[in-house]
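Chains Y and E are the protein sequences, given in the same order.
Heads up: the first sequence runs through residues 1 to 460, numbered per my numbering.
Heads up: the second sequence runs through residues 1001 to 1545, numbered per my numbering.
To keep things clear, I will list the structure first and then write my remarks on it.
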Amino acid sequence: MLLRHTPKEIKERKALVINPAKTCQPIGAMYAALGIHGCLPHSHGSQGCCAYHRSSLTRHYKDPIAAATSSFTEGASVFGGQANLVQAIDNMFTVYDPEIIAVHTTCLSETIGDDVAQIADKAKQDGKVPEGKKIIYCHTPSYVGSHVTGFSNMVLGMVKGLAEKTGKKNGKVNVIPGYVEPSDMEEIKRLSAMVGVKTIMFPDTSGVVNSPMTGKYNMYPDGGTKIADLKSSGDSLATIALGEWSSADGAKYLDATYKVPCQVLDLPIGVTATDNFIDALRKAAGVNVPDSVTKERGVLVDAMCDYQQYFHQKKVALVGDPDQLIPLTQFCINLGMYPKHIVTGTPGNKFRKRMEEMFAEADLPYTPNVAVPGDMFLLHQWIKNEPVDLIIGNTYCKYIARDEDIPMVRHGFPILDRFGHSVFPSVGYKGAMRLMEQMLNAMLDKRDRESSEEAFELVY
Amino acid sequence: MPTKTEEYMKKDPTDFKEEILKKYPPKVARKRAKSIVISKGKESDGLEIQANVRTIPGIITMRGCTYAGCKGVILGPTRDIVNITHGPVGCGFYSWLTRRNQTSAPNPEDHNFMPYCFTTDMQDSEIIFGGEKKLMAAILEAYEIMKPKAIALFSTCPVGLIGDDVHAVAREAKEKLGINVFGFSCEGYKGVSQSAGHHIANNAIFTNVVGTDDNGKEGKYKINLLGEYNIGGDAFVIEDLLDRCGITLVSTFSGNSTYDQFATCHTADLNAIMCHRSINYVAEMMETKFGIPWIKVNFIGAEATAKSLRKIAKYFGDQELIDKVEAVIAEEMPAVKAAQDDVRSRTEGKTAMLFVGGSRAHHYQELFAEIGMTSIAAGYEFAHRDDYEGREVLPTIKVDADSRNIEEIEVEQDPTRFKPRKTPEELEKLAAEGFEFKDYDGMIPEMKPKTLVMDDINQYEADKLLEYYKPDIFCAGIKEKYSAQKMGIPMKQLHSYDYHGPYAAFKGAINFYYEIDRMVSAKVWDLVKAPWEKSPELAAAYNWE
């Protein structure tokens, strides 16, 4: 037993988190910043944060993740990090020549109260920022929210620092894709193009953290949202924000500041959420949904009907980010499954409310367990008390899955031990098809492994 | 055709050094110039390299922080201590099983907390009002659930700033629970690299645990292995090897280790140091306090392993042990030789570069040499000058402000536990036979003349190095892996071994030869360029009209 010390009996914990189902804000900010073309993310704090974030993102995406740090030592922690950041900005523009630097804070620089806006201004006055180059920033203390909040803060930093309004509409719809895989961002763009809507999507990590092999290392690959597009986001027809936690703040800022009307939707995972996204796109741009999209949807629903028997009343435990869990749980319900235990590490009571509404609407014959914020130790204890047929969560779930012999589908962040997430989407109708395939195969593999010789059948 | 090694030897690394320095602002260039030197091989005496100095802000460094060195590296591999990270969630999360430290608890009822991540997950209210109460509550909750024999507390950056006293909380908890609870002031901003964290970890283990239990393992030849972290199962093969030689391993600092091993380590008769950087001072302290001599060993590389075993045997000076060690070496070597012969035709003359933490950038050069490959550039992420230049430079190293912040502990002879392991006559006899205690010559003299040694290399310099020399393989950490591979250069992680291993001792050496063979011979690199990129000109075209 790998998790041999996890008892079945659940005792309330007020102070200790065991096996967290979240991580800290700055990594989300770094990931979002990578989604701007020519951007070098910068971590303002001691170098360990930057090293950990780069390592985690690299392990997940298997691609180079360039980011710099202010490399605080004890002196900077006492006297403030201004000198370090000004020097860092100079060195970054001189040595690495980015188009833009995106600074995020850490718990260290936040606690000492460094004002990055003022420091960035100083760097500019000191002539450390070359003509035409940009600096944006956001505050991401690690003791607030989670990696999802950090992503959201950097998105807000993008529009605050770059968006402009010229008064002339650009005819485009802003799409904030949320904290999803580069493959998902690609898929959201593909779907939007199919619907015939011109979009500005930000951030866009596709092509950046799943970049092609060329024989040359390019610190700034071809992908990423162009600065010109980010500037233009103040002139768009509308903004569609996917995922309340990771995308709403940026969209609302554009709405309040530049009167770009926004809609906040769920991440387009599964049929219902994807339907809502397509419908919102259609209305925002005033176009008809083409048959090709309806056909993709039809193929998915056809498969759901064909395989519903294997999902019917199967119990599932889900752990991850709130933006992902809401549509994932809805998709499981659509498949006829019973979501049993749901854990997110990211705080926010809205999550519980959304879940409860969803359960009420689904008219489930039981009350699922929901922890917000909760950890994976609690999830495991719940599973010990009420076993499930499937676990959906990040790589760290594999310990629970092995100990309890439960099929598992990897989804969310981080995925350290499997391939696919950064190249195959899980959003949109095609993404739902992939998710369904993974879920079904995981459960049927177990059935094949465990069935008696008499019951070992060719046809399912 | 000349081999890559021969081609390299034709180039002058001074030109390369000048070229990379050009790009930096003048102040940065002046600083970096001192951290890049060119080895003169055995003639490198007096060649000085700048090391263990602050990382330059804005330069994309390979380094991590003090917390990473303390919790991640040193305490990470110990299975039966509940390690609680006091701070916001990130630090605990990122150090959760990511170093591939393996462990083997003999029985299902034995403690093994390594798959767990414990953190106080500090929220903003605790940053404002202090987090000591929450920490104490967390300790009590951890004890209630896990019942460990020891709990360790790790400070993260904000904890140091707001002044939470982890040591006071530890004392109080120790009193309350009756188990050993101790804290580490390993805030990330201390020192200039992970090295400070190793120091803080080792000091606290030495102060709080070492020498607290006199009931160590019984055995004729008892040693401690220092600076081995059981990445990918390295410790398992070393343990097996020592066992077969009849050598009793009292403790490992800290691969596959337990609390009791630390507590009883003073009962060993010899300290064998693997990673000089991370732990040499613990060996020094154990010698002063308990009278245990120390020697430098290396179990990376088959020759090095044989040499180390012979050195340990010679120390004990018992013919029975000496014969046993020779027998084990003789048993292991044929398979090693066969593997070398097998891969050599594909690896001979090829080049490697190694930029890793402490000793690994040095030790692994032996493995490459054993299959005919030359290391043409190497450097450390968190070394000090003695790791490069040898221990004789220790008295000349200036202690700067950042190092002064790291506690040095004063150690005296233990009134009851100090016991000289050798008589002066025995020591003299060993010295006369050329046996060296506390010896470490560093990496520079062991590199070939004209090879590059670079401390705290950064992303820009590494990119340039790869472009300029196109080595057959590059070794560093996960952050560096994919930029090298995008250039079509296979990259081996030497921190975590890329999901492979073990590489220690004879069996590990064979694993490594085949792994490197696989990497430098992989067919996939031939596909980097599409056919139309290789020859874009159209030689002929069909004309349909």
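Ideal placement from N, C-alpha and C gives every residue a C-beta, glycine not left out.
Keep in mind that this is a model prediction, so the values were computed, not measured.
Query                                                                                                                                                                                                            : Result
Given that D63(Y) touches chain E, what residues does it touch there, using C-beta distances under 7 Å?                                                                                                          : Y1482
Name, going along the chain, the residues of the segment 13 to 25 of chain Y whose beta-carbon falls closer than 9 Å to a beta-carbon of chain E.                                                                : R13, K14, A15, L16, V17, I18, N19, P20, K22, T23, C24 and Q25
Starting from the beta carbon of N84(Y), find every residue of chain E whose beta carbon is closer than 7 Å, and list them in chain order.                                                                       : P1057
Report yes if the CB atom of D1414(E) is closer than 9 Å to the CB atom of K1289(E), and no otherwise.                                                                                                           : yes
Residues bridged to L1153(E) by DSSP?                                                                                                                                                                            : I1084(E) and G1183(E)
Pull up the DSSP beta-bridge partners for D375(Y), would you.                                                                                                                                                    : P20(Y)
Could you tell me if C2(Y) is buried or exposed, where buried requires 16 or more neighbouring beta carbons within 10 angstroms of its beta carbon?                                                              : In the sequence as displayed, the identity of residue 2(Y) is Leu instead of Cys. It is exposed - the Cβ of L2(Y) has fewer than 16 other Cβ atoms within 10 Å.
To the nearest angstrom, how far is it from the Cα of N1224(E) to the Cα of P407(Y)?                                                                                                                             : 43 Å
Note down, in chain order, each residue of its chain lying with its Cβ closer than 7 Å to the Cβ of F351(Y), except the 5 sequence neighbours on either side.                                                    : P322, T344 and V372
Relative to the C-alpha of F1316(E), which residue among A1263(E), L1270(E), V1053(E) and R1032(E) is closest?                                                                                                   : L1270(E)
Could you tell me whether any Cβ in chain Y is nearer than 9 Å to the Cβ of H1111(E)?                                                                                                                            : yes
Going along the segment 1512 to 1540 of chain E in order, which residues come within less than 7 Å of chain Y, judged by CB to CB distance?                                                                      : V1528 and K1529
Opposite G1379(E) in the DSSP bridges: which residues?                                                                                                                                                           : F1355(E)
Kindly list, in the order they appear in chain E, the residues whose Cβ is closer than 8 Å to that of L108(Y).                                                                                                   : C1157, P1158, L1161, G1188 and Y1189
Using a Cβ-Cβ distance cut-off of 9 Å, determine whether K216(Y) contacts chain E.                                                                                                                               : yes
So T272(Y) contacts chain E; which residues on that side make the cut at Cβ distance below 8 Å?                                                                                                                  : Those do not exist, as T272(Y) stays about 31 Å from chain E at its closest Cβ, beyond 8 Å.
Using a Cβ-Cβ cutoff of 9 Å, what residues of the segment 36 to 47 of chain Y are near chain E? List them in chain order.                                                                                        : L40, H42, G45, S46 and Q47
Checking 9 Å against the spacing of the C-beta atoms, do I1188(E) and Y1067(E) come in under that value?                                                                                                         : For the sequence presented, residue 1188(E) should be read as Gly rather than Ile. Against a cut-off of 9 Å, the Cβ pair of Y1067(E) and G1188(E) comes out as a contact.
Could you tell me which uninterrupted beta strand (DSSP E) segments, each at least 3 residues in length, are contained entirely in the segment 315 to 388 of chain Y, listed from first to last along the chain? : 315 to 319, 338 to 343 and 369 to 371
For I1179(E) and chain Y, any beta-carbon pair shorter than 9 Å?                                                                                                                                                 : no
Run through chain E and tell me which residues come within less than 9 Å of P141(Y), C-beta to C-beta.                                                                                                           : P1088, D1124, I1127 and P1158
Touch check for the segment 307 to 322 of chain Y and the segment 221 to 232 of chain Y: three-plus C-beta pairs under 8 Å?                                                                                      : no
If you draw a straight line from the C-alpha of Y1469(E) to the C-alpha of W382(Y), how long is it?                                                                                                              : 56 Å
Measure the alpha-carbon distance for F202(Y) versus N1107(E) and round it to whole angstroms.                                                                                                                   : 52 Å
Can you find a CB in chain Y that lies within less than 9 Å of the CB of M1146(E)?                                                                                                                               : yes
Expressed to the nearest angstrom, what Euclidean distance is found between the alpha-carbon atoms of G336(Y) and P20(Y)?                                                                                        : 29 Å
For a test of the three-state rule: what should DSSP assign to K1429(E), helix, strand or coil?                                                                                                                  : helix
Return helix, strand or coil for G997(E), following the three-state DSSP convention.                                                                                                                             : Outside the displayed range of chain E (1001 to 1545) lies residue 997(E), so it cannot be described from this structure.
Kindly give me the distance between the Cβ atoms of N1101(E) and G1255(E), rounded to whole angstroms, as I take these residues to be in contact under 8 Å.                                                      : 7 Å
Enumerate, from N- to C-terminal direction, the unbroken alpha helix (DSSP H) stretches of 4 or more residues contained entirely within the segment 143 to 174 of chain Y.                                       : 147 to 162
Just reading off the alpha helix (DSSP H) that T274(Y) is part of, what are its end residues?                                                                                                                    : G270 to A285
Count the C-beta pairs between the segment 1351 to 1365 of chain E and the segment 1374 to 1392 of chain E that are closer than 8 Å, then say yes if the count reaches three, no if not.                         : yes
Between D115(Y) and the rest of its own chain, which residues show a CB-CB distance below 8 Å, the 5 nearest in sequence each way excluded?                                                                      : none
Tell me the DSSP bridge mates of W1294(E)?                                                                                                                                                                       : N1271(E)
Using a C-beta to C-beta distance shorter than 9 Å, which residues of chain E count as neighbours of E74(Y)?                                                                                                     : G1160, E1187, Y1189, K1190, G1191, A1401, D1402 and N1405
Since L1452(E) is in the beta strand (DSSP E), which residue starts that stretch and which ends it?                                                                                                              : L1452 to M1454
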